[in-house]
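Following: one structure in structure tokens, then a few remarks.
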Amino acid sequence: MGQNPPLSDADVQLIEDKYEERWDDEAYDRAVEVFKVRVEDIGFEDPFELLSRYNVKSYESLREQLKRGPAMCFRAGWKSPLLGERIDLASVVSKCEHLSGPEFSGGDRVVVLDFWASWCDPCLEAGPELSDLEDEFSGRITVIGINNESIFSETKAPDRERLCEFLEENSDGFRYTIFLDNAEGHAKESKLLFYSLHAIKNERQNWIACVCV
Numbered sequence: 009m010g011q012n013p014p015l016s017d018a019d020v021q022l023i024e025d026k027y028e029e030r031w032d033d034e035a036y037d038r039a040v041e042v043f044k045v046r047v048e049d050i051g052f053e054d055p056f057e058l059l060s061r062y063n064v065k066s067y068e069s070l071r072e073q074l075k076r077g078p079a080m081c082f083r084a085g086w087k088s089p090l091l092g093e094r095i096d097l098a099s100v101v102s103k104c105e106h107l108s109g110p111e112f113s114g115g116d117r118v119v120v121l122d123f124w125a126s127w128c129d130p131c132l133e134a135g136p137e138l139s140d141l142e143d144e145f146s147g148r149i150t151v152i153g154i155n156n157e158s159i160f161s162e163t164k165a166p167d168r169e170r171l172c173e174f175l176e177e178n179s180d181g182f183r184y185t186i187f188l189d190n191a192e193g194h195a196k197e198s199k200l201l202f203y204s205l206h207a208i209k210n211e212r213q214n215w216i217a218c219v220c221v
């Protein structure tokens with residue numbers, strides 16, 4: 009294990025639960041040193057080969073992500089100021105490209121809106137579950153997926169070809185309507201992602217989607 013002792017419960021809490029003005033650089037630096045030793049022990053030469061899948065390019069970029077804290081909708085006790093308001097989803101998807109699944113007209117009473125990215129493992133687990141949910145309640149709910157690979161980072165132009173290949177390879181799991189957000193991140197920047205939604209959790213308690221009524 010080397011000269012670095014394991015993180016204490018207090019250290020872990022500082023890293024996991026503290027952000028913005030509560031951030032502690034010393035706790036993060038210590039966690040990084042412990043992580044480096046463990047990576048070396050298991051013979052993993054470059055952990056960023058894997059972490060880059062999650063938009064983590066360096067320890068400093070990870071520091072900045074963690075210091076900002078999670079999106080508002082992931083914070084304990086958060087409630088949307090728009091709960092109970094009617095949401096015009098048709099306008100949200102109007103500038104997005106429809107890639108697969110049924111067309112969406114905007115007249116549905118209950119819509120399960122899934123913001124997702126192909127690098128997000130919980131998103132990939134949720135796809136088949138949401139497809140089954142729509143099948144089970146056919147005619148009563150509609151599931152819409154909006155893909156944005158930079159959903160929690162700086163907006164980048166979408167790679168349409170790569171996403172189409174992904175959907176073709178995973179067509180059995182992603183059977184519901186899928187839109188691709190545009191290069192300006194229209195759906196992402198609409199604030200619908202953060203301010204108008206209830207969360208749904210699957211049986212493993214993963215946050216998987218949002219409901220608009």
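Position one of the sequence shown corresponds to residue 9 (the working numbering), numbered consecutively onward.
Idealized CB from N, CA, C, for every residue including glycine.
Out of curiosity, what's the CA-to-CA distance linking residue 97 and residue 150?
Taking the straight line from one Cα to the other gives about 12 Å.
Can you tell me whether DSSP reads residue 215 as helix, strand or coil?
Because residue 215 carries a pLDDT of 40, less than 50, the predicted location of this residue cannot be relied on, and no value is offered for it.
Other residues of its chain near residue 193: CB distance less than 7 Å, five sequence neighbours each side excluded
156 and 163
Should residue 118 go down as buried or exposed, given a rule of 16 or more other Cβ atoms within 10 Å for buried?
exposed
Neighbourhood of residue 116 by C-beta, 7 Å cutoff - its chain only, sequence neighbours within 5 removed
Result list for residue 116: 150, in chain order.
Let me check one thing: in DSSP terms, what residues is residue 105 bridge-paired to?
188
With a cut-off of 8 Å on the beta carbons, I'd call residue 107 and residue 59 a contact; round off their distance for me.
The Cβ separation is near 27 Å, so there is no contact.
When 122, 176, 136 and 173 are compared against residue 189, the one with the closest alpha-carbon
122
Output needed for residue 26: all residues of its chain with C-beta closer than 7 Å, excluding positions within five of it in sequence on either side, in chain order.
32
Cβ neighbour criterion (16 or more within 10 Å) applied to residue 222:
Missing from the structure shown is residue 222; the chain here goes from 9 to 221 and no further.
Element boundaries [alpha helix (DSSP H), containing residue 33]
33-49
Quick check on the DSSP output: the alpha helix (DSSP H) that includes residue 193 runs from which residue to which?
Looking at the DSSP string, residue 193 is not in any alpha helix (DSSP H), and its letter there is neither H nor E.
Could you compute how far the alpha carbon of residue 39 sits from the alpha carbon of residue 75?
14 Å
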